[in-house]
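Heads up, the thing below is written out as structure tokens.
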Amino acid sequence: MTSYFYSSPFQDFIKGVVRQKRALGYKYNSSERILYRFDQFCIRQGCTKPILSKELMDVWSQKRPHEAQATLKNRVHIVRQLAIYMSSLGMKAYVQPKNTLPKGPRYVPYIFSNDELAAFFKRTDSCHYCSVVPIRHWVMPLLFRMLYGCGLRISEALHLKVQDVELQSGILTIKDTKFNKDRLIPLSSELIDRCRAYMKQVHLFSDGSCYFFPSPSGHPMTQGNVYKNFRKFLWQARISHGGWGKGPRLHDFRHTFAVYKCYSKNVQK
1 MTSYFYSSPF QDFIKGVVRQ KRALGYKYNS SERILYRFDQ FCIRQGCTKP ILSKELMDVW
61 SQKRPHEAQA TLKNRVHIVR QLAIYMSSLG MKAYVQPKNT LPKGPRYVPY IFSNDELAAF
121 FKRTDSCHYC SVVPIRHWVM PLLFRMLYGC GLRISEALHL KVQDVELQSG ILTIKDTKFN
181 KDRLIPLSSE LIDRCRAYMK QVHLFSDGSC YFFPSPSGHP MTQGNVYKNF RKFLWQARIS
241 HGGWGKGPRL HDFRHTFAVY KCYSKNVQK
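First residue of the sequence shown? That's 1 in UniProt numbering, and the numbers climb one at a time after it.
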């Protein structure tokens, strides 16, 4: 977890709202990062007193170049929570009314067909050795299959440790998910076999604390790196991409997993 050093007049209130949210069970990591950016923004604006005025919020709420509407709404919402917290303590804080920002277009999840999944995984299996990332040809075929086969979020997959992949029982342990809870996910027999082969090639001498999908530095692979490979495999599999904000996205493997799970349950009924 990243530690932030706040230095604006709002620093004590930012720390307070972060503590409050975490006490309620929220991880609040990305929100804390936004509050740190707000802290730095207030310094640049020359704030000398902890007064969260409408004028300050109006400047904070201005859309930035190339910023998605959802990103803007999220950062305004997070600072609105700070304002509510400050108001509860009797401080002067402008609480921006809800729904004052226009809604951006809703993203419609992309559900991969069986043929598209087969074509995509065929391309991951053809991934060649790369001297910059020597284990890439082992990581990519398994990583994308786990995103789909287990319905994982990309952040969950990249933060898996070796000790979280229990091949004897065939269970994945996803730690610190929403509300700081762990989640257990069964692996299919095919994924267990693939994990065993992967472990022999990548983690033969690793201890349990090593990341299951490591970068050359030993840290988790970055989402940017995975996304770059994802786009390449899509193109090779002749699955069209609609451009920025249109998809398919990495998260659509999770949506596809859920749809096929529901379909199989209905068929069984």
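Ideal Cβ placement from N, Cα and C applies to all residues, glycine included.
Here's the rule I'm using: 16 or more other beta-carbon atoms within 10 Å means buried, otherwise exposed. How should ASP55 be labelled? Here residue 55 turns out to be Glu, not Asp, going by the sequence shown. It is exposed - the Cβ of GLU55 has fewer than 16 other Cβ atoms within 10 Å.
_Assigned secondary structure, LEU132 (DSSP; H/G/I helix, E/B strand, else coil)_ = Inspection of the sequence shows that residue 132 is occupied by Val rather than by Leu. If DSSP states are grouped into helix, strand and coil, VAL132 belongs with coil.
Open item on the list: Which complete beta strand (DSSP E) runs does the segment 154-202 hold, if anything under 3 residues is left out?
Closed with: DSSP runs (the beta strand (DSSP E)) wholly in the segment 154-202: 171-174 and 183-186.
Boundaries (first-last residue) of the alpha helix (DSSP H) holding ILE84 | For ILE84, the enclosing alpha helix (DSSP H) has its first and last residue at 69-88.
Task: Cβ pair GLY247, TYR26 closer than 8 Å - done: GLY247 is not a Cβ neighbour of TYR26, given a cutoff of 8 Å.
Once DSSP output is grouped into helix, strand and coil, what is the label at ALA93? Three-state result, ALA93: strand.
Exercise for review: Please determine, among ALA23, GLY46 and GLY218, the residue with the shortest C-alpha to C-alpha distance to PHE10.
Suggested key: Looking at the Cα atoms, GLY46 is the closest of the given residues.
- How would you write the range of the alpha helix (DSSP H) that ASP115 sits in, first residue to last? 114-125 is the span of the alpha helix (DSSP H), which, as asked, contains ASP115.
* Asked: Using CA coordinates, which residue listed in TYR36, GLY16 and ARG22 is at the minimum distance from LYS181?
  -> Among TYR36, GLY16 and ARG22, the Cα nearest to that of LYS181 belongs to ARG22.
Note to self: Taking DSSP's pairing of strands, which residues face PRO214 in a bridge?
What the structure shows: Paired residue(s): PRO220.
Separation of PHE213 from HIS137, as counted between CA atoms: Taking the Cα positions, HIS137 is about 12 Å away from PHE213.
| request: Leaving out five residues on either side along the sequence, give the residues of the same chain with a beta carbon under 7 Å from the beta carbon of PRO186. | output: Correct list, in chain order: GLY170 and ILE171.
Q | Residue environment, ILE84, which counts as buried when at least 16 other CB atoms sit within 10 Å | A | By the Cβ neighbour-count rule, ILE84 is exposed, with fewer than 16 other Cβ atoms within 10 Å of its own.
request  = Using the Cα positions of HIS203 and GLN20, report the straight-line distance between them to the nearest angstrom.
outcome  = So the two alpha carbons sit approximately 40 Å from each other.
- Item | Those residues which DSSP pairs with LEU234 across a bridge | Paired residues: none, contrary to the question.
When we look at the beta-carbon of SER188 and count the other beta-carbons within 10 Å, is it buried (16 or more) or exposed? It counts as exposed.
Taking the DSSP output, what are the residues bridged to LEU152?
-> Looking at the DSSP assignment, LEU152 forms no beta bridge with any residue, so it has no partner.
Per the DSSP calculation, LEU52 is bridged to which residue(s)? Note: LEU52 sits in a beta bridge opposite ALA93.
#### Entry: Helix, strand or coil at SER206 [DSSP, three-state]
Note: SER206 maps to coil in three-state DSSP.
- Just to confirm, are THR256 and TYR148 a CB contact at a threshold of 8 Å? Contact flag set, yes.
How long is the line joining the alpha carbons of GLY16 and TYR36, rounded to whole angstroms?
Each residue's alpha carbon lies about 13 Å from the other.
| Between ALA70 and chain D, is there a C-beta pair that is closer than 8 Å? | Absent here is chain D; the protein component of the structure consists of one chain.
Q | PHE10, enclosing alpha helix (DSSP H) - first and last residue | A | Careful: PHE10 lies outside any alpha helix (DSSP H) and carries neither H nor E.
Which residue comes first and which comes last in the alpha helix (DSSP H) that contains LEU35? DSSP places LEU35 inside the alpha helix (DSSP H), whose first and last residues are 29-44.
Compare the beta carbon distance of GLN223 and ILE154 with 8 Å and say whether it is the shorter of the two.
Using a Cβ distance threshold of 8 Å, GLN223 and ILE154 count as a contacting pair.
Are the Cβ atoms of MET140 and ASN225 separated by less than 8 Å? Contact: no.
If ALA119 sits next to ARG249, beta carbons under 8 Å apart, how far is it from one beta carbon to the other, in whole angstroms? That belief does not hold up - the Cβ atoms of ALA119 and ARG249 are roughly 18 Å apart, past 8 Å.
field: DSSP state of SER264 mapped onto helix, strand, coil
entry: Residue state, collapsed to three classes: helix.
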